[in-house]
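Trainee: Before we start, here is the structure in question, set down as structure tokens.
2 protein chains.
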Amino acid sequence: MSKPLNPIDALLKKTSTWLEDSGPMPSIVISSRIRLARNLDKYPFAVRTDDESMLEVMNVVRDGAAHSKMLKKAHFVDMDEISEIDRQFLVERHLVSREHMQNPEFRAVIIGDGEAVSVMVNEEDHLRIQSMESGLNLRNAWTTINRLDDELAETLEFAFTPKWGYLTCCPTNTGTGMRASVMLHLPALVMQKQINKILHTITKLGLAARGLYGEGTEATGNFFQISNQVTLGRHEEELIENIERILNQVIEHEQNAREALLTQNRAQLEDRIWRAYGIMGNARTVSSAEALDLLSAIRLGVDMELMSDLDRTTLNELFLFCQPAHLQKLEGSALSPKERDMKRAELIRQRIGKT
Amino acid sequence: MSKPLNPIDALLKKTSTWLEDSGPMPSIVISSRIRLARNLDKYPFAVRTDDESMLEVMNVVRDGAAHSKMLKKAHFVDMDEISEIDRQFLVERHLVSREHMQNPEFRAVIIGDGEAVSVMVNEEDHLRIQSMESGLNLRNAWTTINRLDDELAETLEFAFTPKWGYLTCCPTNTGTGMRASVMLHLPALVMQKQINKILHTITKLGLAARGLYGEGTEATGNFFQISNQVTLGRHEEELIENIERILNQVIEHEQNAREALLTQNRAQLEDRIWRAYGIMGNARTVSSAEALDLLSAIRLGVDMELMSDLDRTTLNELFLFCQPAHLQKLEGSALSPKERDMKRAELIRQRIGKT
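As you go down the protein sequences, you meet chains P and U in turn.
The first sequence begins at 1 in our numbering and counts up by one.
The second sequence begins at 1 in our numbering and counts up by one.
Structure, rendered in structure tokens:
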């Protein structure tokens with residue numbers, strides 16, 4: 001009998017379903033995500049909790065999840081029982097937050113099949129339920145997470161008042177407890193120097209723009225996460241409609257900027273894209289930040305049909321596997337930053353069909 | 001009957017023989033050149049001359065050259081009768097100086113078969129005889145130019161006194177009238193930041209270090225021209241021996257620097273070389289300066305046997321044909337700087353086997 005795989009190692013075998021390039025608007029929208037903050041009525045919130053209470057929350061949520069059909073094939077991962085590289089790996093997969101990685105004690109994550117749904121346990125709230133979809137698909141993500149929320153509510157008693165809605169550790173999440181976010185690739189708006197104006201407008205409309213890994217991280221490689229700020233006083237569907245309306249405008253601006261690049265600066269654009277391709281096929285050492293920049297340039301080339309040698313699926317895989325913990329998991333051992341840069345370059349050369 | 005080719009167009013068909021990569025020390029020394037300054041005894045020197053006298057010098061030298069066996073297949077090119085692009089083309093081939101190009105009236109150049117020997121007429125001196133060889137081969141260049149000088153002296157009476165030797169327009173050339181120079185590729189000394197120390201030492205030993213196109217031009221792409229300063233008071237063979245002795249030391253330093261790069265920084269070195277290769281195979285627009293940098297990196301890769309996809313012959317051809325006038329001659333029409341950068345990128349992609 002073969003030894004059963006560690007659940008993290010099993011994840012390594014494939015790309016997350018939300019990176020499958022199967023959703024709407026794949027040329028601009030990488031993925032859509034909805035997260036619900038929930039707390040158990042009978043246990044103190046994170047700010048006032050203790051070890052014993054946290055341990056109980058973990059067990060109660062674990063038992064509750066065991067009754068959910070949607071989590072039937074899910075893995076329960078105790079953050080304290082896995083290695084630091086595995087924890088980092090989960091951050092890179094957007095399955096846990098950086099805070100969750102940094103404080104693993106009495107914290108867990110439940111990972112659904114294909115990573116489409118997951119639940120962080122004892123993060124800022126007792127439960128942070130998450131649903132991810134490929135492309136621009138907040139509605140599907142909402143349908144899925146709403147169903148999972150209902151299933152969990154059958155066994156778990158969530159803190160809720162008719163006046164305030166769901167109660168959360170931080171008051172900014174109270175109400176629906178919902179945060180919807182979308183990962184966008186906006187290279188043309190960056191090249192045409194229109195991005196700051198767009199992000200400024202988004203903020204005034206009640207949305208937030210962040211880097212790849214959420215709050216406090218910078219946008220790299222022209223990838224941006226846009227999410228709602230308001231969670232209170234509206235229905236979830238209204239909030240989603242509002243985000244989608246604004247996103248559609250951002251997408252239109254990006255499309256116009258791409259058209260403008262093509263008519264005004266085609267030569268420079270092609271040069272940039274093909275140089276990125278040439279570097280990726282030949283470099284012997286590539287940093288994380290450079291990899292994102294190169295992937296961004298090549299993705300733009302593929303999206304604009306200026307390059308037919310590659311597809312977005314390969315780029316999405318690289319997007320995921322070029323990250324530090326992914327590289328170390330692939331290698332099967334810890335690597336220094338310098339070794340990672342070499343391993344990253346090697347992986348990129350292999351995946352884009354050169355050696 | 002086909003129309004006879006313009007002599008400049010004939011040159012375009014092939015690479016100069018001195019770029020054939022056939023001489024000694026090809027991994028560090030591109031080419032060796034000897035130039036002799038000669039003046040006709042009976043005509044005023046350039047500083048005191050007039051149009052009529054210059055025209056007579058042109059005719060006298062032309063007739064004299066017609067008697068030389070070595071110049072039997074040579075072309076006499078009146079600088080004033082060719083286009084500006086053709087004049088620039090001759091500079092790029094190292095057949096005429098920039099000054100000769102800029103003031104074409106009553107100036108000419110005699111170009112021997114394969115460009116191994118040539119004679120500028122009415123440059124700073126009435127004759128500037130030149131001999132070029134591939135690799136480190138000043139002795140062959142000397143044998144050739146000495147023979148040509150003798151042949152020309154059979155019909156032309158050169159200004160010479162037993163005390164001062166050959167008289168020249170500028171006193172710094174008086175004596176032998178000889179300048180020997182060698183074009184070196186010293187990328188490892190540049191990368192290891194030892195180049196300034198080496199050039200400083202060279203200068204103290206009576207040699208001069210310059211850029212690709214002689215006086216007043218900067219070294220680009222790690223290519224340097226090293227030549228003697230002293231022309232008076234010594235035999236030509238002594239001068240050449242002295243340069244060769246110093247050059248051998250420079251070459252040894254470059255070899256040591258390459259070894260050091262390989263043992264200390266192999267990963268970065270390979271990265272640099274392969275990136276250059278990737279960019280050359282894919283870029284859509286490349287400037288002159290960048291082309292030299294890329295060619296320098298790839299040449300180093302070939303020389304150090306880190307790259308087997310290319311040979312020095314191809315690199316030498318690109319070295320020549322990436323220059324502005326060469327590109328325009330290839331295209332058959334004048335090109336704006338932006339168009340040249342695109343044409344250059346296209347040529348590079350073609351020559352290194354990618355499209």
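Backbone N, C-alpha and C define an ideal beta-carbon position, used for all residues, glycine too.
This one's a predicted model, so the numbers in the text were calculated from it and none came from an experiment.
Alpha carbons only, please: which of Ala-65(P), Asp-311(P) and Glu-99(P) is nearest the one belonging to Pro-153(P)?
Mentor: According to the sequence provided, residue 153(P) is Ala. The question's Pro does not apply to it. Closest by alpha carbon: Ala-65(P).
Trainee: Does the region 270 to 288 of chain U touch the region 52 to 60 of chain U, meaning 3 or more C-beta pairs lie closer than 8 Å?
Mentor: Touching, no, given that fewer than three Cβ pairs across the two stretches are closer than 8 Å.
Trainee: If the cut is a Cβ gap below 8 Å, which residues of chain P does Val-301(U) touch?
Mentor: The sequence given here has Gly at residue 301(U), not Val. Under the 8 Å cutoff, chain P gives no residues; its nearest Cβ is about 11 Å from Gly-301(U).
Trainee: Return yes when the Cβ of Asp-125(P) is within less than 9 Å of the Cβ of Asp-311(P), no when it is not.
Mentor: Against a cut-off of 9 Å, the Cβ pair of Asp-125(P) and Asp-311(P) comes out as no contact.
Trainee: For chain P, is any of its Cβ atoms less than 9 Å away from the one on Thr-314(U)?
Mentor: Not one chain P Cβ lies under 9 Å of Thr-314(U).
Trainee: I'd like the ranges of any alpha helix (DSSP H) spanning at least 4 consecutive residues and lying wholly in the region 5 to 72 of chain P.
Mentor: Runs of the alpha helix (DSSP H) inside the region 5 to 72 of chain P: 7 to 12 and 51 to 66.
Trainee: Using the Cα positions of Ala-92(P) and His-326(P), report the straight-line distance between them to the nearest angstrom.
Mentor: Contrary to the premise, residue 92(P) reads as Glu rather than Ala in this sequence. Going by the C-alpha atoms only, they are around 8 Å apart.
Trainee: Kindly indicate which three-state DSSP category Phe-223(P) falls into: helix, strand or coil?
Mentor: Here Phe-223(P) sits in strand by DSSP.
Trainee: Quick check on DSSP: helix, strand or coil for Arg-128(U)?
Mentor: Strand at Arg-128(U).
Trainee: Span of the beta strand (DSSP E) holding Ser-181(U)?
Mentor: Taken as a continuous stretch (DSSP letters only), the beta strand (DSSP E) holding Ser-181(U) covers 178 to 185.
Trainee: What does DSSP give as the partner residues of Phe-76(P) in its beta bridges?
Mentor: Answer is Ile-110(P).
Trainee: Quick check: is the beta carbon of Gln-268(P) nearer than 9 Å to any beta carbon in chain U?
Mentor: Closer than 9 Å to some Cβ of chain U, the Cβ of Gln-268(P) qualifies, so yes.
Trainee: Hey, does Arg-340(U) have any beta-carbon neighbour from chain P nearer than 9 Å?
Mentor: It does not; no Cβ of chain P falls within 9 Å.
Trainee: Among Gln-268(U), Gly-221(U) and Ile-240(U), whose alpha-carbon lies nearest the alpha-carbon of Ser-432(U)?
Mentor: Given that chain U is displayed from residue 1 to residue 355, the structure contains no residue 432(U) and the question cannot be resolved.
Trainee: Name, please, each residue of chain U whose Cβ falls closer than 7 Å to the Cβ of Ile-348(P).
Mentor: Per Cβ cutoff of 7 Å: no residues; Ile-348(P) is ~11 Å from chain U at best.
Trainee: Under 9 Å Cβ-Cβ, which residues of chain P neighbour Arg-391(U)?
Mentor: This structure does not reach residue 391(U), given that chain U is present from 1 up to 355, and the question cannot be answered.
Trainee: Touch check for the region 314 to 329 of chain P and the region 254 to 273 of chain P: three-plus C-beta pairs under 8 Å?
Mentor: No, because fewer than three Cβ pairs between the region 314 to 329 of chain P and the region 254 to 273 of chain P fall closer than 8 Å, the two stretches do not touch.
Trainee: Measure from the alpha carbon of Ser-308(P) to the alpha carbon of each residue in Glu-270(P), Arg-35(P), Glu-317(P) and Ser-333(P), then state which is nearest.
Mentor: Checked all of Glu-270(P), Arg-35(P), Glu-317(P) and Ser-333(P); the closest Cα to Ser-308(P) is Glu-270(P).
Trainee: Within 10 angstroms of the Cβ of Met-280(P), are there 16 or more other Cβ atoms? Answer buried if so, exposed if not.
Mentor: Its Cβ being crowded by 16 or more others within 10 Å, Met-280(P) is buried.
Trainee: Three or more C-beta pairs closer than 8 Å, one from the region 246 to 258 of chain P and one from the region 22 to 35 of chain P: is that the case here?
Mentor: In short, these stretches touch, since the Cβ pair count reaches three.
Trainee: Along chain P, in chain order, which residues have C-beta atoms closer than 7 Å to that of Asp-271(U)?
Mentor: Those are Ala-283, Arg-284 and Thr-285, listed as they occur along chain P.
Trainee: Once the 5 residues before and after Phe-319(P) are set aside, which same chain residues still bring their CB inside 6 Å of it?
Mentor: Result list for Phe-319(P): Leu-295, in chain order.
Trainee: Assuming Gly-177(U) contacts Leu-36(U) (C-beta within less than 8 Å), just tell me the rounded distance between them.
Mentor: Gly-177(U) to Leu-36(U), Cβ: 5 Å. Contact.
Trainee: Check this for me: beta carbons of Glu-123(P) and Leu-95(P), under 9 Å apart or not?
Mentor: No, Cβ-Cβ distance for Glu-123(P) and Leu-95(P) is not below 9 Å.
Trainee: Among residues of its own chain, excluding the 5 on either side of Met-101(U), which ones have a beta-carbon nearer than 6 Å to its beta-carbon?
Mentor: So the list reads Arg-87 and Val-91, once near-sequence residues are dropped.
Trainee: Check for me: the alpha helix (DSSP H) holding Arg-87(U) runs from which residue to which?
Mentor: Where Arg-87(U) is concerned, the enclosing alpha helix (DSSP H) stretches over 84 to 92.
Trainee: Is Ala-345(P) close to chain U? Criterion is C-beta to C-beta, closer than 9 Å.
Mentor: Taking Cβ atoms only, chain U reaches closer than 9 Å to Ala-345(P), which makes this a yes.
Trainee: Near Ala-209(P), which residues of its chain fall below 6 Å by C-beta distance, leaving aside the five closest residues on each side in sequence?
Mentor: Hits under 6 Å: Leu-199, Ile-202, Phe-224 and Ile-226.
Trainee: Excluding five sequence neighbours on each side, which residues of the same chain lie with their C-beta closer than 8 Å to the C-beta of Met-1(P)?
Mentor: Bear in mind that a pLDDT of 41 at Met-1(P), under 50, signals an unreliable position, so the model cannot answer this.
Trainee: If you scan the region 241 to 293 of chain U from start to end, which runs of the beta strand (DSSP E) of 3 or more residues do you find wholly inside it?
Mentor: DSSP runs (the beta strand (DSSP E)) wholly in the region 241 to 293 of chain U: none.
Trainee: Measure from the alpha carbon of Lys-14(P) to the alpha carbon of each residue in Phe-321(P), Glu-339(P), Leu-184(P) and Arg-344(P), then state which is nearest.
Mentor: Of the listed residues, the one whose Cα sits closest to Lys-14(P) is Phe-321(P).
Trainee: Apart from the five residues just before and just after Ser-131(U), which ones in its own chain have a Cβ nearer than 6 Å to its Cβ?
Mentor: Only Ile-34, Val-117, Ala-141, Thr-144 and Ile-145 meet the Cβ criterion.
Trainee: How close, in whole Å, do the beta carbons of Thr-314(U) and Ile-352(U) come, if the pair is a contact with beta carbons under 8 Å?
Mentor: Contact holds; Cβ gap of about 7 Å.
Trainee: Tell me, please, which residues DSSP counts as bridged to Ala-334(U).
Mentor: In the DSSP output, where bridge partners are listed per residue, Ala-334(U) has none listed.
Trainee: From Gln-255(U) to Asn-265(U), what distance separates their C-alpha atoms?
Mentor: Going from the Cα of Gln-255(U) to the Cα of Asn-265(U) covers about 15 Å.
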